[in-house]
Amino acid sequence: MLTVQRTADGGPEVLHLMETDDEQPGPGEVALDVAATAVNRADLLQRQGHYPPPPGVTEVIGLECSGTVAAVGEGVTDWKVGDEACALLAGGGYASRVVCPVGQLMPLPPGTDLVTAAALPETACTVWSNVFMVAGLQAGDIFLVHGGAGGIGTMAIQVAAAAGARVITTAGSAEKLALCRELGAAVTIDYHEQDFVEEVKAATDGHGADVILDNMGAKYLGRNVSALATEGRLVVIGMQGGSRGELDLGKLLVKRGAVIATSLRGRPADEKARICASVAEHVWPLVGAGEVRPIIERTMPLTDVVAAHELMESGAHSGKIVLTL
């Protein structure tokens with residue numbers, strides 16, 4: 554099978570295509586012939602040597618894919634060879650074939666083709682698990698998501714708006730802010746020019762955000778707590794702004810707030826299976842109805858993986874970058 558391998562830790566130039574032996578599914582696993590995968594920021598970190606895969610997981614990069622079932626392992630009864638699916642992966646997506654636990658396979662959302670479906674699993678599972686299953690976002694809540702024009706952000710805006718929340722988001726250009734409004738954000742904040750704490754307070758008459766989804770980590774920690782509403786929940790899913798910050802516990806106590814840090818990749822397979830099942834139940838109907846759609850900046854062949862990583866690192870894109878085979 555064709556795979557993308559790293560020759561060393563480093564920049565996009567360390568990625569090279571190589572032929573390796575086909576992987577075969579074990580008990581409770583399914584092999585997919587991959588039609589497409591997508592680039593995530595975690596892929597860049599893994600390429601640089603900062604985000605190794607969990608123990609026992611392939612070193613091949615890639616956290617999601619779509620494709621056709623090529624083989625099923627012992628005990629798998631819900632899928633058969635030839636079925637189309639998309640999958641949440643712990644690794645291995647940058648390849649022509651991937652093996653994953655059966656619980657991490659999902660049907661394609663209604664009306665979605667294989668290439669488009671490749672842009673959905675990681676963002677949908679991240680947003681649904683953190684914003685709804687962990688933070689408990691409800692209709693009428695104020696929801697703040699940072700980086701609204703990225704893959705996670707564009708998904709979060711749409712799903713939260715569809716659930717009846719009032720969405721506030723940050724982004725870094727007029728074009729990206731316009732996209733966020735198009736997707737359902739009620740309030741948009743240019744993080745280069747505006748203080749998001751002041752803007753959130755002004756837009757909510759001092760209430761603040763009931764739920765915040767943050768990918769910046771330490772850099773935004775104090776300001777995020779300031780922007781929280783009473784009994785608000787801050788969910789940190791990334792550390793683009795560093796891993797060590799100062800937390801004012803007094804401010805958090807007064808607000809009876811919560812700071813939650815989560816990751817998806819290293820969770821046990823049974824937890825991922827529950828998340829995938831919940832996404833298929835709750836998010837896929839929104840996709841089928843046209844209320845939620847993946848925002849795809851560019852579709853490129855897997856052979857252009859170096860250029861895809863360069864585009865992701867530039868920050869010039871909005872939404873997802875998809876790689877096809």
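Every position in the sequence shown, counted from 1, becomes a number in my numbering once 553 is added. Ideal placement from N, C-alpha and C gives every residue a C-beta, glycine not left out.
Cβ pair residue i, residue j closer than 8 Å
i      : j      : result
Gly656 : Cys618 : no
Gly770 : Gly798 : yes
Pro565 : Val859 : yes
Ala780 : Val750 : yes
Ala589 : Glu675 : no
Ala755 : Ile721 : no
Met888 : Ala670 : The requested residue 888 is not part of the displayed model; the chain covers only 554 to 878.
Thr611 : Gly644 : yes
Gly602 : Asp631 : no
Leu916 : Leu800 : Coverage of the chain is limited to positions 554 through 878, which leaves residue 916 absent and any answer about it impossible.
Gly704 : Ala724 : no
Ala713 : Leu690 : yes
His862 : Leu570 : no
Arg818 : Ala672 : no
Gly872 : Thr707 : yes
Gly803 : Lys772 : no
Val698 : Leu766 : yes
Asp748 : Leu730 : no
Pro654 : Ala826 : yes
Leu855 : Val557 : yes
Simplified DSSP state of residue i, which is helix, strand or coil
i      : result
Asp743 : strand
Gly775 : helix
Glu617 : strand
Gly581 : coil
Pro605 : coil
Ala869 : coil
Val629 : coil
His569 : strand
Ile848 : coil
Leu732 : helix
Asp857 : helix
Ala820 : The sequence as given places Arg at residue 820; Ala does not occur at that position. The answer is coil: DSSP assigns Arg820 none of H, G, I, E or B.
Glu637 : strand
Asp508 : Residue 508 cannot be examined here, being either before or after the span of the chain that is shown, 554 to 878.
Val610 : coil
Ala591 : strand
Ala756 : helix
Ile596 : The question names Ile, yet the displayed sequence has Asp at residue 596. Note: Asp596 maps to helix in three-state DSSP.
Leu878 : coil
Leu642 : coil
Ala624 : strand
Val836 : coil
Ala782 : strand
Cut-off 6 Å between Cβ atoms - residues of its own chain near residue i, not counting five sequence neighbours on either side
i      : result
His870 : Glu850, Leu864
Gln522 : Here the chain covers residues 554 to 878 and nothing more, so residue 522 does not appear.
Arg786 : Ala688, Val764, Ala811
Val652 : Glu576, Pro578, Glu582, Ala584
Ile695 : Arg719, Thr757, Ala762, Asp763
Contacting residues, own chain, Cβ-Cβ under 7 Å from residue i (five flanking each side not counted)
i      : result
Arg559 : Val567, Leu568, Arg600
Gly579 : Gly626
Thr852 : Val668, Val875, Thr877
Cys829 : Leu641, Gly656, Gln657, Met659, Cys678
His745 : Gly725
Arg809 : Thr783, Glu784
Ala709 : Val680, Val684, Val698, Leu766
Residues of its chain near residue i, where Cβ-Cβ distance is below 8 Å and the 5 sequence neighbours each way are ignored
i      : result
Gln711 : Leu736, Gly737, Leu839, Glu844, Val845, Arg846
Ala624 : Gln577, Pro578, Val583, Ala584, Val634
Residue i: CB within 7 Å of a non-hydrogen atom of the ligand ATP
i      : result
Leu732 : Absence of the ligand ATP from the depicted structure is noted, as is the absence of any ligand whatsoever, leaving it without description.
key: Given 8 Å, three or more beta-carbon pairs between the segment 710-718 and the segment 658-667   = These segments do not touch.
message = If we require 4 or more residues per run, which alpha helix (DSSP H) segments fall completely within the segment 784-818?
response = Counting only runs of 4 or more, we get 802-808.
Length-filtered (4 minimum) alpha helix (DSSP H) runs lying within the segment 646-712 = Qualifying alpha helix (DSSP H) stretches, in chain order: 667-670, 674-680.
task = Determine contact between the segment 808-815 and the segment 735-744, defined as no fewer than three beta-carbon pairs at a distance below 8 Å.
result = Taking one beta carbon from each stretch, the segment 808-815 and the segment 735-744 have fewer than 3 pairs nearer than 8 Å; the two do not touch.
key: Stretch-stretch touch, CB-based, cutoff 8 Å, three pairs: the segment 819-838 with the segment 666-683   = The segment 819-838, when compared against the segment 666-683, does touch it at the 8 Å Cβ threshold.
task = Assess, as a yes-or-no matter, whether the segment 582-589 is touched by the segment 640-654 under the definition of 3 or more beta carbon pairs within less than 8 Å.
result = Between the segment 640-654 and the segment 582-589, the count of C-beta pairs closer than 8 Å reaches three or more; the two stretches touch.
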